[in-house]
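Below: the structure, in structure tokens.
Protein chains in written order, with the numbering used here: chain A, 1 to 342; chain B, 343 to 644.
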């Protein structure tokens, strides 16, 4: 990390993120209030996908059950408010603790397996959560439960109203992205990314690779829980459908479209994917008929995603061949150079 | 008597699961391909069987159409997309087949509408069969027999035929099989087609018991994954035994767990916890098996 020129792949997403601060004012000025909620949804998905990216992109583990934690976070709001606990902070604590505990147990079991086993088991665990909440008939069962009183932040701020929710989400996302950037270069993150390439070697140089992976899994579960709290407030609703495997799949798609293992990838992926979905939905009722094949094409095209394009732009920018070779796990991947710059 | 009936129901469910798991594990064991769209093929099988059976009035024609249709869809999918994904990693497989699920679900609801489709049990199999004094539905009994026949057929195909020999060889060393002059592309396409046809068969057989609707493939796909994980990934024998275990445990759990809980804890609590625990049972089973043997019960020989 010498004093390198600042690349487009760094300043473009940052600029975009900063520009998104203006969304609520612009939407109010243009009388297009719908867009505040819509953009909030994108930012929430970006937050959850960033959390998944810690496991999927950094460690290379295809976690197919992160919707479980989003759903848990959402129920922490609805159940708490049902029993009169309306402040956002204890709800946050509740969500963090429950996601950490569930993440620790399921992660410890799932990490005993690799590859396809890991995919199927994380999927099965999230399905388990789904069935638990479907069968809780007292709490809405299949239909889910609406949230009468949304989370109170204090100082008269209500997460149920669009603008405070938007900024809370923005802050959560920005903080997560900053943390993801820091962790990327910390020994912890280096060991995680190294263990994707060769776990035995990482263990041999003295890092407890398995324990690090478990910690990453738990942290990513907790951040997904935060996304769940925000989503519950956005919809004023929590339902088992949030734990369904479709959401997990969409999060994976978002990470891959944006660029795996990069800091800004999930953010850009969420903008692109949710945006695309929304455009398709406005055009045709059968939007999945179009989006489905597009996802197939993304899988066929490889996985550098939007960030891959930006990294290519970096090369043009400086005239150097800056290849982002430290992305993309699996058999075809190049051995990672521990390059710092994002 | 009730116990025997539920045991048979479990067996029947288990054999349906085996039809799905066998196709999935064949494809996975040999090509190392993760096919989430397997449930979609099951759904397509059910839809094709239902619409053909309803329009011709002959359920057997419906089953044949489902088999042929899914074989064709499977081979087409393999040709268009899946064959290009073999040398990529599991994530690409997951992603591509996830997209296919969206596509097929939407296609099904476009072609056949959002309302579920129903098929009558064929007249020949409508009625009951007398098993040691138990009146058991003939159709379900036929499913058990057919499932066992397919399992035996799979065993014979894998161990006694030339195709089976190639399949076993391909699982060990694909490159070497190719070097010996076997058309590996065709072999892969055929294998994927067979897997798809098994999924279609299972959908067709399930059609008269369930309601046929878009998205019906996903819940059963996830249970099939549980079967495969418990059985040991890539092992057809493991898939057979664990499908039966999962089928029986799930059915028995749903039938008897609430009753059993009733005896131990208060009625109100049991009514709430019973069904929840019953639907979790197979996942708990899976977690327990994994904690004990991460590779599954039957490790595929490599």
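All residues carry an ideal CB built from backbone N, CA and C; glycine is no exception. Quantities reported herein were computed from a predicted structural model and do not represent experimental measurements.
I'd like to confirm the pairing. Which residues does DSSP put opposite residue i in its beta bridges?
| i | result |
| --- | --- |
| residue 152 of chain A | A:87 and A:158 |
| residue 473 of chain B | B:476 |
| residue 459 of chain B | B:554 |
| residue 238 of chain A | A:145 |
With DSSP as the reference, label residue i as helix, strand or coil.
| i | result |
| --- | --- |
| residue 283 of chain A | helix |
| residue 31 of chain A | coil |
| residue 345 of chain A | Nothing about residue 345 of chain A can be reported from this structure: the residues present for chain A run from 1 to 342 only. |
| residue 531 of chain B | helix |
| residue 423 of chain B | coil |
| residue 166 of chain A | helix |
| residue 635 of chain B | coil |
| residue 297 of chain A | helix |
| residue 244 of chain A | coil |
| residue 596 of chain B | helix |
| residue 114 of chain A | coil |
| residue 375 of chain B | coil |
| residue 65 of chain A | coil |
| residue 670 of chain B | The structure shown does not extend to residue 670 of chain B, since chain B is modelled only from 343 through 644, so no value can be given for it. |
| residue 577 of chain B | coil |
| residue 109 of chain A | helix |
| residue 36 of chain A | helix |
| residue 464 of chain B | coil |
| residue 566 of chain B | helix |
| residue 582 of chain B | helix |
| residue 321 of chain A | With a pLDDT of only 45 at residue 321 of chain A, under the threshold of 50, the placement of this residue in the model should not be trusted; the figure read from the coordinates follows. Looking at residue 321 of chain A - three-state DSSP - the assignment turns out to be coil, as it is neither helix nor strand. |
| residue 430 of chain B | coil |
| residue 397 of chain B | helix |
| residue 314 of chain A | helix |
| residue 72 of chain A | helix |
| residue 450 of chain B | helix |
| residue 359 of chain B | helix |
| residue 500 of chain B | helix |
Round the Cβ separation of residue i and residue j to the nearest angstrom and send it over; I've been treating them as touching at under 8 Å.
| i | j | result |
| --- | --- | --- |
| residue 69 of chain A | residue 216 of chain A | Going by Cβ atoms, the distance from residue 69 of chain A to residue 216 of chain A rounds to 13 Å, so no, they are not a contact pair. |
| residue 526 of chain B | residue 350 of chain B | Not confirmed; about 42 Å, so no contact. |
| residue 620 of chain B | residue 599 of chain B | 4 Å |
| residue 231 of chain A | residue 42 of chain A | Incorrect: roughly 12 Å between the Cβ atoms, too far for contact. |
| residue 226 of chain A | residue 73 of chain A | 6 Å |
| residue 544 of chain B | residue 418 of chain B | Between residue 418 of chain B and residue 544 of chain B the Cβ distance is about 19 Å, and since that is not below 8 Å, they are no contact. |
| residue 411 of chain B | residue 392 of chain B | Their Cβ separation, rounded to whole angstroms, is 12 Å, which puts residue 411 of chain B and residue 392 of chain B out of contact at 8 Å. |
| residue 428 of chain B | residue 370 of chain B | Actually they do not touch by this definition, with Cβ atoms about 12 Å apart. |
| residue 345 of chain B | residue 535 of chain B | Actually they are not in contact, since the Cβ atoms of residue 345 of chain B and residue 535 of chain B sit about 40 Å apart, beyond 8 Å. |
| residue 252 of chain A | residue 298 of chain A | Rounded, the Cβ-Cβ distance is 11 Å, inconsistent with contact. |
| residue 108 of chain A | residue 214 of chain A | 6 Å |
| residue 151 of chain A | residue 159 of chain A | 4 Å |
| residue 409 of chain B | residue 539 of chain B | 5 Å |
When we look at the beta-carbon of residue i and count the other beta-carbons within 10 Å, is it buried (16 or more) or exposed?
| i | result |
| --- | --- |
| residue 435 of chain B | buried |
| residue 368 of chain B | buried |
| residue 555 of chain B | buried |
| residue 248 of chain A | buried |
| residue 606 of chain B | exposed |
| residue 314 of chain A | buried |
| residue 240 of chain A | buried |
| residue 170 of chain A | buried |
| residue 283 of chain A | exposed |
| residue 208 of chain A | exposed |
| residue 518 of chain B | exposed |
| residue 315 of chain B | Nothing in the structure corresponds to residue 315 of chain B, since chain B is present only between 343 and 644. |
| residue 447 of chain B | buried |
| residue 83 of chain A | exposed |
| residue 250 of chain A | buried |
| residue 304 of chain A | buried |
| residue 122 of chain A | buried |
| residue 430 of chain B | buried |
| residue 576 of chain B | buried |
| residue 609 of chain B | exposed |
| residue 34 of chain A | exposed |
Under 7 Å from any heavy atom of the ligand FMN, does the C-beta of residue i make it?
| i | result |
| --- | --- |
| residue 277 of chain A | Within the structure as shown, the ligand FMN is missing, as the structure has no ligands at all. |
- Where in the stretch 179 to 225 of chain A do unbroken runs of the alpha helix (DSSP H), each at least 4 residues long, occur, reported from the N-terminal end onward? Complete alpha helix (DSSP H) runs here, min 4: 187 to 197 and 199 to 204.
- Residues, ordered as in the chain, of the stretch 245 to 258 of chain A that lie near chain E by beta-carbon distance below 9 Å: The structure shown contains no chain E; the protein chains it does contain are A and B.
- Where are the beta strand (DSSP E) runs, 3 residues long or more, that stay fully inside the stretch 502 to 531 of chain B, in chain order? none
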